[in-house]
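Protein chains in written order, with my numbering: chain A, 1 to 381; chain B, 1 to 381.
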């Protein structure tokens with residue numbers, strides 16, 4: 001399959017502050033983004049892709065200066081791929097608070113009292129709705145009055161849902177994959193353990209570790225290991241690692257690596273702690289925790305989705321996803337059906353757990369291809 | 001329901017070293033234990049109760065000096081209770097390596113090079129089989145040639161199973177509750193994250209923190225929080241906490257407690273870090289990881305259980321237990337049935353996840369009562 005090839009991130013600066021759900025505001029900020037494909041004459045073929053916890057604006061293709069830096073959804077987005085860049089103009093955008101280029105906690109805090117130091121723990125708490133507001137400004141600046149679709153998986157799916165509630169007239173379709181209408185108590189619990197691991201790491205320094213020239217790597221490692229367990233299904237972990245040993249014989253040690261799964265997890269934790277920002281981890285898990293459109297509608301999810309009555313939805317879940325199980329997607333579908341909103345729902349029998357949304361499963365990609373084919377036809381592509 | 005009342009722990013010293021599965025040995029050691037009820041004339045009514053990760057010899061009753069110190073299985077063990085101390089002589093024993101009185105990492109290392117310092121990280125790695133060997137010596141010293149039953153839940157259930165393989169002639173019944181024939185990759189993964197949180201805590205000092213007058217509380221807190229999530233079912237956590245907030249309004253903070261579940265988990269972590277030993281946590285999670293009787297039999301669990309052909313088994317699992325799911329108990333049952341071993345199996349429809357084995361569920365306790373009633377009759381009680 002062809003790729004979009006070499007891509008170059010772009011940056012757009014916004015001088016007007018972004019009002020946030022918390023009541024605070026984000027002073028002037030920059031969004032980093034990428035685009036693939038060509039915007040058509042009436043600007044009707046744009047698809048916005050929203051990223052999840054650990055991803056960025058770099059959805060497809062490669063960066064010239066980093067061979068092997070393939071975009072995180074490259075198997076889905078490209079020429080001839082399910083989200084076909086020969087027909088669509090696809091936008092990937094990095095959210096504020098992230099650590100991949102857009103304004104985040106590692107950037108200078110404009111508050112005069114900060115004297116040019118990084119935001120650190122003082123970066124304002126951002127929500128899914130705030131991100132959507134920031135994205136909407138970018139889309140407007142790009143000259144797009146209505147998106148053909150907003151697409152996201154996991155936390156990205158929550159952003160796609162929030163678009164339909166805040167800007168229903170500015171998108172035709174919402175494609176929400178492996179997501180949920182809110183976190184469960186268990187989801188919040190895992191986030192909280194990860195956050196505790198980070199903030200109790202002595203190298204965290206209350207979130208102002210940049211000034212100390214250290215990174216709370218211990219906490220980040222633990223956070224990533226916990227996250228990773230919840231991304232994989234029990235079965236796929238069993239199939240991939242089982243009880244396989246690293247060496248032929250047990251060494252009987254509490255600290256040595258005995259099992260392959262331990263080696264794999266440590267490696268994932270180490271890698272993550274090298275590039276991910278600790279404050280970003282806190283901010284993004286909090287955005288996950290806070291997302292709860294039903295709360296704003298007195299606990300009634302159908303009422304919450306009433307503004308989206310004219311949007312068309314594709315909701316996709318995966319049978320072995322225990323982080324955001326199919327039951328959570330069905331809550332979304334039920335709310336939409338209660339509103340007589342047009343929704344297609346696919347529950348994909350895939351073994352890979354939550355991570356399935358990033359993988360190339362033929363049934364999953366078949367559904368995505370068919371849906372985007374319909375969207376393309378609608379917008380004359 | 002009546003309790004066994006005030007109980008007094010006892011201690012027994014063993015001068016003969018305990019050979020361990022690792023090839024090392026445990027020098028002279030002490031086991032702390034409690035007993036409830038009266039051993040009958042032919043010493044046929046003894047039941048050994050094996051403890052899990054976070055428990056001890058203190059199974060039932062209260063300690064005179066600690067009001068409210070109710071034993072961890074007091075709802076099951078006592079006069080007129082399912083394991084009836086009017087009919088049985090029940091023994092609870094603390095395993096070596098633990099932190100509740102038996103010889104453990106906080107005790108003096110007898111190696112002359114240690115110069116009287118605590119074992120710390122040098123405490124030898126102990127396995128389920130080693131614990132069973134230690135327990136067998138205690139049982140022998142108590143003048144019991146054959147136990148009426150060995151009973152345990154979770155890691156305690158693994159010990160009960162190991163008894164049937166190592167000392168089949170020394171027990172009549174094995175009662176294995178909420179357990180598994182080995183840990184899955186996911187189980188090992190959660191243990192490994194907890195261990196990494198502990199050993200990377202700067203206060204761990206390579207396991208020799210006693211000398212520094214500190215305790216790796218950060219790591220212990222994270223370990224306990226992770227453990228706690230896996231003990232509860234997703235549904236029971238949702239029913240108990242859901243998305244309930246701690247205050248009426250959100251405070252929009254990455255570090256404040258927003259949700260009740262966060263408050264609960266932090267409290268559990270704090271409590272645990274006050275009393276549990278970090279080296280013990282490493283040792284006990286490793287004992288869990290290593291337990292795998294099938295490995296010794298070329299991967300064939302039925303072959304592994306062949307020595308236990310004349311033991312009778314009760315295996316109990318709980319529908320919402322995702323740590324040791326019913327499927328894992330059914331593996332044990334299948335291996336026993338393949339050997340034509342007598343086994344009763346109860347899969348209890350209970351909402352509480354893994355923790356259900358500690359709770360007073362009428363169907364669960366009904367099964368236990370009926371089974372122990374049969375055992376009592378067999379031994380003439």
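Just so you know, even glycine gets a beta-carbon here, dropped at the ideal spot from N, CA and C. Keep in mind it's a predicted model, so treat the numbers as computed, not measured.
Residues of chain A with CB under 8 Å from residue 342 of chain B, in chain order? Going along chain A, no residue has its Cβ under 8 Å from residue 342 of chain B, so there is no contact; the nearest lies around 29 Å.
CB contact below 8 Å: residue 158 of chain A versus chain B: Not closer than 8 Å to any Cβ of chain B, the Cβ of residue 158 of chain A fails to qualify, so no.
Under 8 Å, Cβ to Cβ, is there at least one residue of chain A near residue 242 of chain B? Yes, residue 242 of chain B counts as interfacial toward chain A.
What separation, rounded to the nearest whole angstrom, lies between the Cα atoms of residue 139 of chain B and residue 72 of chain B? Taking the straight line from one Cα to the other gives about 21 Å.
Per DSSP, residue 276 of chain B forms a beta bridge with which residues? For residue 276 of chain B, DSSP assigns no beta-bridge partner whatsoever.
Whether or not the region 57-67 of chain B and the region 128-135 of chain B are in contact is what I'm after, with contact meaning three or more pairs of Cβ atoms, one per stretch, closer than 8 Å; do they touch? No: the two stretches stay apart, fewer than three of their Cβ pairs being nearer than 8 Å.
Residue 376 of chain A versus residue 88 of chain A - alpha carbon distance: For residue 376 of chain A and residue 88 of chain A, the distance between alpha carbons rounds to 7 Å.
Tell me which same chain residues have a C-beta within less than 6 Å of the C-beta of residue 307 of chain B, skipping the five on either side of it? These residues qualify, in order along the chain: 165 and 168.
CB-CB under 6 Å to residue 36 of chain B, same chain, minus the five flanking residues each way: which ones, in chain order? Cβ within range, chain order: 4, 60, 85 and 90.
Using the Cα positions of residue 70 of chain A and residue 256 of chain B, report the straight-line distance between them to the nearest angstrom. Those two C-alpha atoms are separated by around 37 Å.
Separation of residue 366 of chain A from residue 319 of chain A, as counted between CA atoms: Using only the alpha carbons, I get a separation of about 16 Å.
Between residue 220 of chain A and residue 276 of chain A, what straight-line distance do the alpha-carbon atoms span, to the nearest angstrom? Distance between the alpha carbons of residue 220 of chain A and residue 276 of chain A: 8 Å.
Hey, would you say residue 225 of chain B sits closer than 8 Å to residue 218 of chain A, going by beta carbons? Result no, Cβ atoms of residue 225 of chain B and residue 218 of chain A do not sit closer than 8 Å.
Listed by chain order, chain A residues near residue 88 of chain B by CB distance under 7 Å: Residues of chain A passing the Cβ test: none, with the nearest at roughly 36 Å.
Can you list, in chain order, the residues of its chain whose CB lies under 6 Å from that of residue 273 of chain B, leaving out five sequence neighbours each side? Taken in chain order, the residues that qualify are 217, 220 and 221.
For the region 224-242 of chain A, which residues have a beta carbon sitting closer than 7 Å to at least one beta carbon of chain B? Residues of the region 224-242 of chain A whose Cβ lies closer than 7 Å to any Cβ of chain B, in chain order: 225, 226, 229, 234, 237, 238, 241 and 242.
Residue range of the unbroken beta strand (DSSP E) whose run includes residue 312 of chain A: DSSP places residue 312 of chain A in the uninterrupted beta strand (DSSP E) bounded by 312-318.
Test: residue 202 of chain B CB closer than 8 Å to a CB of chain A: So yes, residue 202 of chain B belongs to the interface.
Is there a Cβ from chain A that is less than 8 Å from the Cβ of residue 135 of chain B? Chain A contact via Cβ: absent.
Per DSSP, the bridge partner or partners of residue 10 of chain A: Looking at the DSSP assignment, residue 10 of chain A forms a beta bridge with A/33.
Would you please verify whether the beta carbon of residue 270 of chain B is less than 8 Å from any beta carbon of chain A? For residue 270 of chain B, the closest Cβ of chain A is not nearer than 8 Å.
For residue 258 of chain A, which residues of its own chain have a beta-carbon under 7 Å away from its beta-carbon, when the five flanking residues on both sides are left out? Counting only residues of its own chain and dropping the five nearest sequence neighbours on each side, residue 258 of chain A has a CB closer than 7 Å to the CB of 245, 246, 250 and 251.
Any Cβ of chain C within less than 8 Å of the Cβ of residue 189 of chain B? This model lacks chain C altogether, as its protein chains are A and B.
Contact set for residue 144 of chain A: own chain, Cβ-Cβ below 6 Å, skip 5 residues either direction: The beta carbon of residue 144 of chain A is closer than 6 Å to those of 43 and 46 in its chain, skipping five residues each way along the sequence.
Contact set for residue 172 of chain A: own chain, Cβ-Cβ below 8 Å, skip 5 residues either direction: If we look at residue 172 of chain A and ignore the five residues flanking it on each side, its Cβ neighbours are 146, 147, 148, 149, 311, 312, 375, 378 and 379.
With 8 Å as the threshold, decide whether the Cβ of residue 186 of chain A is near any Cβ in chain B. For residue 186 of chain A, at least one C-beta of chain B is nearer than 8 Å to its own C-beta.
3-residue-minimum beta strand (DSSP E) runs that sit fully inside the region 75-121 of chain A, ordered along the chain: List check, beta strand (DSSP E) in window: 89-93.
Among B/64, B/177 and B/185, nearest to residue 292 of chain B - alpha-carbon criterion: Considering only alpha carbons, the answer is B/185.
By alpha-carbon positions, which one of A/348, A/294 and A/357 ends up nearest to residue 331 of chain A? It is A/294 whose Cα lies nearest to the Cα of residue 331 of chain A.
Residues in the same chain with beta-carbon distance under 7 Å from residue 289 of chain A, minus the five sequence neighbours each way, listed in chain order, please. The residues are 183, 188 and 191.
Measure the CB-CB distance between residue 324 of chain A and residue 103 of chain A and report whether it falls below 8 Å. Remark: C-beta atoms of residue 324 of chain A and residue 103 of chain A do not approach each other more closely than 8 Å.
Can you say whether residue 262 of chain A is buried or exposed, counting buried as having 16 or more other CB atoms within 10 angstroms of its CB? Its Cβ being crowded by 16 or more others within 10 Å, residue 262 of chain A is buried.
CB contact check: residue 192 of chain B to chain A, cutoff 8 Å: Yes, because at least one Cβ of chain A sits closer than 8 Å to the Cβ of residue 192 of chain B.
In chain order, what residues of the region 244-271 of chain B put their CB closer than 9 Å to some CB of chain A? The region 244-271 of chain B vs chain A, Cβ under 9 Å: 244, 250, 251, 252, 253, 254, 255, 257, 258, 259, 260, 261, 262, 264, 265, 266 and 269.
Hey, out of B/16, B/40 and B/353, whose CA is closest to residue 234 of chain B's CA? Measuring from the Cα of residue 234 of chain B, the nearest candidate turns out to be B/353.
Count the other CB atoms, across all protein chains shown, that sit within 10 Å of the CB of residue 8 of chain A; report buried if there are 16 or more and exposed otherwise. Counting other Cβ atoms within 10 Å of its Cβ, residue 8 of chain A stays below 16 and is therefore classed as exposed.
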